[in-house]
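Here the sequence shown stands for residues 1 to 271, numbered as in the UniProt record's numbering. Below: one structure, written as structure tokens.
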Amino acid sequence: MVTKLKSKEESFDIHLPLNGNALLEKTLYNINLNVEIRTLWKVINVNAIERLGMSDHGPVHFQIVANIALRLARLLQDAGVKMSITKNYDLSDDYAEVVVLCASLFHDLGMSIEREGHETFSLILANNILRETLSFLPLKEKTIVASEILHAIISHRAGGRPLTIEAGIVRVADALDMSEGRSRIPYEAGEVNIHSVSAAAIDKVEIRKGKEKPILVNIMMNNSAGIFQIDDLLKSKVKGSGLEKFIDVIATMSEKGEKKLIDKLSFKEEV
């Protein structure tokens, strides 16, 4: 397949609720102007979609993760939870939001090189890009923020161990991009397995202020196969994230009942 010179990845601007955060605004401005970042997003989706038949790993995914992550961060802040960059370095929540934003947008950069071990490759690429992205910060603050971003990136891998609230936020936010559209490519291509079917069973994810905990995540399903996404995938990301005591997760079925997701399933003999 021939790749067009001008793709949606190269013309896609990230949009987020800035909430008066000037540092976040400057960071986002630099990211949206950066041709290298846009090109890497294109390369990532060529590898993910065209070559591996996976779901979207481009700017649409990154914008969703960034918005979810900021939502989680602000709900925690509203509940009085102190961000790690504030606790350890006495920097404001504005800096914490920059960490969350950049880690959300750069966590899969390594997919431009290789799927396996992409989290480590992401560190190499992001480390260089962050020098330009955070150029408006004094050297001391830039070094701290970049280090926190890189930690959040590596912590999103399977078995990762976030040591900061911000890293835990990004880890959970990545897992919460699970609604039906996320699975469209492998599912519509006829790839019938528990991953594609369970992802297609998720209609919507709502994140709001909880009653007993700061965050309530409501996952609306059209088919009970979606339980796999929640029990096997989301649970593994929440567990060990450091956010367990702050998040409640509930799942509800559509009032329309079970949606038919499989017409026929056959097993081919292994050669």
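Heads up, the beta-carbon is just placed ideally off N, CA and C, and yes, glycines get one too.
Where DSSP assigns a beta bridge to Ala251, which residues make up the other side?
Ile219
Rounded to the nearest angstrom, how far is the Cβ of Ala167 from that of His151, given a contact under 8 Å?
5 Å
Just how far apart, CA to CA, sit Lys142 and Ile250?
38 Å
Note down the Cα distance separating Lys87 from Cys102, rounded to an integer number of angstroms.
20 Å
Report all residues from its chain with a CB closer than 6 Å to the CB of Lys264; omit the five preceding and five following residues, and keep chain order.
Bear in mind that a pLDDT of 40 at Lys264, under 50, signals an unreliable position, so the number given afterwards is only what the model happens to contain. Nothing listed; no residue qualifies.
Taking C-beta to C-beta, are Val65 and Ala173 nearer than 8 Å?
yes
Once you ignore the five residues that flank Leu123 on each side, which residues in its own chain have a CB closer than 7 Å to its CB?
Leu150, Ile153, Ile154
Taking the alpha-carbon of His107 as reference, which of Tyr29, Glu244, Asn222, Ala158 has the nearest alpha-carbon?
Ala158
Do you know how far the Cα of Met220 is from the Cα of Leu233?
16 Å
Classify Arg184 as helix, strand or coil using the three-state DSSP reduction.
Residue placement at Arg184 is poorly supported in this model, since its pLDDT is 47, which falls under 50; the coordinates still yield a value, given next. Here Arg184 sits in helix by DSSP.
Considering only their Cβ atoms, is the gap separating Leu134 from Asn67 smaller than 8 Å?
no
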